[in-house]
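Asker:
Numbering (our numbering), first residue to last: 1204 to 1895.
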């Protein structure tokens, strides 16, 4: 087992200490135990046992040490009374008290050199610093032993061990009950063969009146007396379970009690799962029987990880991470600026499986957003790791798998409805998006007819998703574009038509002129078919059911500064102006004796995080990004789609990432002259004037 066991050296002597019990179970700050240490009242050896006479002792846990386990300091060990009302010249031991410690029950074994005397259970009331006269409890016939008492919390039931006739073996465990605390115990019952065996069952102790701890050499064990536990359920005792190693050994273990006061484990800062005391005569102690303490540390689990953008490899903040445990509990958190999330030990419990789901507006919700982690079967502290890479929703239209119509028709054929299940699945998994479904035609009819035809085809697709699949009508908008938007290939594209393969380079636009330039026949027909398409684009990510209004697609406008001049700001020797890179307004300064464009590291990082550029734009692709933290490696080269200064415009622009620049962009003076012409800076009018 995971229990840890240590000798409680401060309480033990060179003689025997055994059967620890609480002196006041309600507070659990006084321990009483039995010992035959030097100083016992009885002098010499007991001729029947061959060892010194035993008495009852106590020690206290200092209040200031209640946050430590076990307490580092104890009060000096003392006899439980000084007036010999309990401790006497014979053997006393194995006591129990009521909840407040005001009534004590203990074993006393008289001594007589000439004849055998039998052990009985006595009780005495606390009076001041001592106890009143002890009285013997009548629990059965004479000439037998009645030992090891333990009183229930209400003091109406007492458990004990006895070798009286009618038992299952040598010593059995019994209980006796009474109607009120001032009455005598009657109705003495053997706990039965679930608890008792042909061997010895002794030292009963209760925890919460429902768990019985006792020692036995009759149940399957490790040797000698082992400690077992049985729980009272449905009016019967369950099969006893051996407490296992290291609580038990091949020697004798007896007298187990629990300390139920909450104390934090210093390693995990979580309360111990269990702790307490017992006694054993195993080797390595200070004397024969010694008192030991045990503890069971909590097993602590956490789940943590990082979330990155699948395209840019940047860490994403503000991602919602939800976990749902098999125990029914659920928790949410969000990633920080470094894309990190964390569920602590209070959320992640033992023997629980967690389904995980991450979401963020602007990102697809698909299988990449889900994972499972479990603590089932884990037997030590574990920090579970779960990283995610989630895919951004692209701004460009997304093609739907091919849907074909009869010539000049818009009826959605049954065999092509499955093509729309792709979009249906996207909308189900992403319940907050609103999309525009677009239908396009080729250019082989009039523009007006194609416009109407495409609108009707878009409507037929939308009707299927609304009326047959249950998508809310205000989440999907049909738009027919006719022939007005020929297909554009953002990357190289290969298409198979009638068993022939056609290749379209990146940037190809399937205009009428381009198609006419192709060989007549299948090559042109393949291009026309690619223009006849259905696609969708996400309009916004904040859909609310039964919304009255639907957001419209955002149009990006590119501001153009007039003429051949560019207004600037002059700060000392620094000339700063406005430029437009990938449709983003930014600021540039002019670099002297340079023919390249630099971009400030901070601005490049922002572009990457906001998907203005992607990893695919870098010369070294993902090798330009540090895998450990997602940052850009300085001096990495990437390509902008375009950059504009004034009327001058360049595409596929090489840019170098640099730290410590005065402006987001630094455009070399030689680059400007080579690409846009010579210029001068008018410091009075605060303009760059191009000669070109």
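We treat Cβ as the ideally placed atom computed from N, Cα and C, and that holds for glycine.
Classify residue 1453 as buried or exposed, calling it buried when 16 or more other Cβ atoms lie within 10 Å of its own Cβ.
Answerer: Taking the chain shown and counting its residues from 1, the one referred to as residue 1453 is at position 250. When all chains shown are included, residue 1453 counts as exposed.
Asker: What is the rounded straight-line gap between the Cα of residue 1558 and the Cα of residue 1500?
Answerer: If you number the chain shown from 1, residue 1558 lands on position 355. If you number the chain shown from 1, residue 1500 lands on position 297. Rounded to the nearest angstrom, the two C-alpha atoms are 27 Å apart.
Asker: Out of 1224, 1330, 1837 and 1210, which one is the CA nearest neighbour of residue 1486?
Answerer: Reading the chain shown from its first residue, position 283 is the one you call residue 1486. The residue with the shortest Cα to Cα distance from residue 1486 is 1210.
Asker: Using a threshold of 8 Å, state whether the C-beta atoms of residue 1481 and residue 1430 are closer than that.
Answerer: Position 278 of the chain shown holds residue 1481. Position 227 of the chain shown holds residue 1430. Yes, the pair counts as a contact, with Cβ atoms nearer than the cut-off.
Asker: Can you round the beta-carbon distance between residue 1343 and residue 1365 to whole angstroms, since I take them to be within the 8 Å contact cut?
Answerer: Residue mapping note: residue 1343 aligns to position 140 of the chain shown, counting from 1. Residue mapping note: residue 1365 aligns to position 162 of the chain shown, counting from 1. That pair is a contact at about 6 Å.
Asker: Taking DSSP as the reference, what is the three-state secondary structure of residue 1212?
Answerer: Residue mapping note: residue 1212 aligns to position 9 of the chain shown, counting from 1. It is helical.
Asker: Taking the alpha carbon of residue 1368 as the point to measure from, which residue in 1380, 1401, 1340 and 1306 has its own alpha carbon closest?
Answerer: Residue 1368 sits at position 165 when you count from the first residue of the chain shown. Checking every option, the nearest Cα to that of residue 1368 belongs to 1401.
Asker: Is residue 1663 buried or exposed, if buried means 16 or more other CB atoms sit within 10 Å of its CB?
Answerer: Within the chain shown, numbered from 1, the residue matching residue 1663 stands at position 460. So residue 1663 ends up on the buried side.
Asker: Taking its Cβ as the centre, do 16 or more other Cβ atoms sit within 10 Å of residue 1689, making it buried, or is it exposed?
Answerer: In the chain shown, counting from the first residue as 1, residue 1689 sits at position 486. By the 10 Å Cβ count, residue 1689 comes out buried.
Asker: Kindly provide the ranges of any alpha helix (DSSP H) runs that are 4 or more residues long and lie completely inside the region 1698-1737, ordered along the chain.
Answerer: You should have 1715-1719 and 1725-1734.
Asker: For residue 1438, count neighbouring Cβ atoms within 10 angstroms of its own Cβ and tell me buried if that reaches 16, exposed if not.
Answerer: Translated into positions along the chain shown, residue 1438 becomes position 235. Classification for residue 1438: exposed.
Asker: Take residue 1732 and list the residues in its own chain whose beta-carbon comes closer than 7 Å to its own, dropping the five residues that flank it on each side.
Answerer: Against the chain shown, residue 1732 aligns to sequence position 529. 1700, listed in sequence order.
Asker: Go to residue 1627, then tell me how far its alpha helix (DSSP H) extends in each direction, as first and last residue.
Answerer: The residue you call residue 1627 lines up with position 424 of the chain shown. Where residue 1627 is concerned, the enclosing alpha helix (DSSP H) stretches over 1624-1632.
Asker: Could you tell me the distance, in whole angstroms, from the CA atom of residue 1660 to the CA atom of residue 1652?
Answerer: The sequence position of residue 1660 within the chain shown is 457, counting from 1. The sequence position of residue 1652 within the chain shown is 449, counting from 1. Their Cα atoms are separated by approximately 12 Å.
Asker: Using the C-alpha atoms, what's the distance from residue 1531 back to residue 1841?
Answerer: Residue mapping note: residue 1841 aligns to position 638 of the chain shown, counting from 1. Residue mapping note: residue 1531 aligns to position 328 of the chain shown, counting from 1. Going from the Cα of residue 1841 to the Cα of residue 1531 covers about 48 Å.
Asker: Rounded C-beta distance between residue 1497 and residue 1207? I'm assuming under 8 Å.
Answerer: Stepping through the chain shown from its first residue, residue 1497 is reached at position 294. Stepping through the chain shown from its first residue, residue 1207 is reached at position 4. Contact flag correct, Cβ pair sits at about 7 Å.
Asker: Starting from the N-terminal side, write out each stretch of the alpha helix (DSSP H) that is 4 residues or longer and does not extend beyond the region 1792-1851.
Answerer: Listed in chain order, they are 1804-1812.
Asker: Looking at the secondary structure, which residues open and close the alpha helix (DSSP H) in which residue 1653 lies?
Answerer: Along the chain shown, read from residue 1 onward, the residue named residue 1653 stands at position 450. First-last of the alpha helix (DSSP H) with residue 1653: 1650-1666.
Asker: Counting Cβ pairs, one atom from each stretch, are 3 or more of them under 8 Å apart for the region 1864-1875 and the region 1775-1792?
Answerer: They touch, by the three-pair rule.
Asker: Can you name the residues that DSSP bridges to residue 1560?
Answerer: The sequence position of residue 1560 within the chain shown is 357, counting from 1. 1525 and 1573, per the DSSP bridge assignment.
Asker: Between the region 1319-1339 and the region 1279-1297, do three or more beta carbon pairs fall short of 8 Å?
Answerer: The region 1319-1339 vs the region 1279-1297: in contact.
Asker: Could you check where the alpha helix (DSSP H) with residue 1619 kicks off and where it finishes?
Answerer: The residue you call residue 1619 lines up with position 416 of the chain shown. Run containing residue 1619: 1617-1620, per the alpha helix (DSSP H) assignment.
Asker: Residue 1491 to residue 1478, Cα distance in whole Å?
Answerer: Numbered from 1 along the chain shown, position 288 holds the residue referred to as residue 1491. Numbered from 1 along the chain shown, position 275 holds the residue referred to as residue 1478. About 23 Å.
Asker: Go to residue 1378, then tell me how far its beta strand (DSSP E) extends in each direction, as first and last residue.
Answerer: Looking up residue 1378 in the chain shown gives position 175. Unbroken beta strand (DSSP E) run through residue 1378: 1375-1380.
Asker: Using the Cα positions of residue 1638 and residue 1891, report the straight-line distance between them to the nearest angstrom.
Answerer: The residue labelled residue 1638 in the question sits at position 435 within the chain shown. The residue labelled residue 1891 in the question sits at position 688 within the chain shown. Going from the Cα of residue 1638 to the Cα of residue 1891 covers about 44 Å.
Asker: Tell me the DSSP secondary structure of residue 1761 in three-state form.
Answerer: By 1-based counting over the chain shown, the position of residue 1761 is 558. Caution applies to residue 1761, whose pLDDT of 22 falls short of 50 and renders its modelled position unreliable; the value that the coordinates give is listed next. In this structure, residue 1761 counts as coil in the three-state DSSP scheme.
Asker: Inspect the beta-carbon positions of residue 1322 and residue 1362 and report whether they are closer than 8 Å.
Answerer: Residue numbering aside, residue 1322 sits at position 119 when the chain shown is read from its first letter. Residue numbering aside, residue 1362 sits at position 159 when the chain shown is read from its first letter. No, the Cβ-Cβ distance between residue 1322 and residue 1362 is not below 8 Å.
Asker: Just the Cα atoms here: how many angstroms apart are residue 1782 and residue 1533?
Answerer: Along the chain shown, read from residue 1 onward, the residue named residue 1782 stands at position 579. Along the chain shown, read from residue 1 onward, the residue named residue 1533 stands at position 330. For residue 1782 and residue 1533, the distance between alpha carbons rounds to 48 Å.
Asker: Under 8 Å by Cβ, that's how I've got residue 1889 and residue 1747 pegged, so tell me the actual separation to the nearest angstrom.
Answerer: On the chain shown, residue 1889 is found 686 positions in, with the first residue counted as 1. On the chain shown, residue 1747 is found 544 positions in, with the first residue counted as 1. The Cβ separation is near 48 Å, so there is no contact.
Asker: Does DSSP put residue 1879 in a helix, a strand or coil?
Answerer: As a working note, residue 1879 is residue 676 in the chain shown. Three-state result, residue 1879: helix.
Asker: List the endpoints of the continuous beta strand (DSSP E) containing residue 1901.
Answerer: Any question about residue 1901 goes unanswered here, given that the chain covers just 1204 to 1895.
Asker: Are the beta-carbon atoms of residue 1745 and residue 1713 separated by less than 8 Å?
Answerer: As a first step, residue 1745 must be located in the chain shown, where it is residue number 542. As a first step, residue 1713 must be located in the chain shown, where it is residue number 510. Contact: no.
Asker: Residue 1524 and residue 1466: beta carbons closer than 8 Å?
Answerer: For the purposes of this step, residue 1524 is taken as residue 321 along the chain shown, with counting starting at 1. For the purposes of this step, residue 1466 is taken as residue 263 along the chain shown, with counting starting at 1. No, they are not a contact pair.
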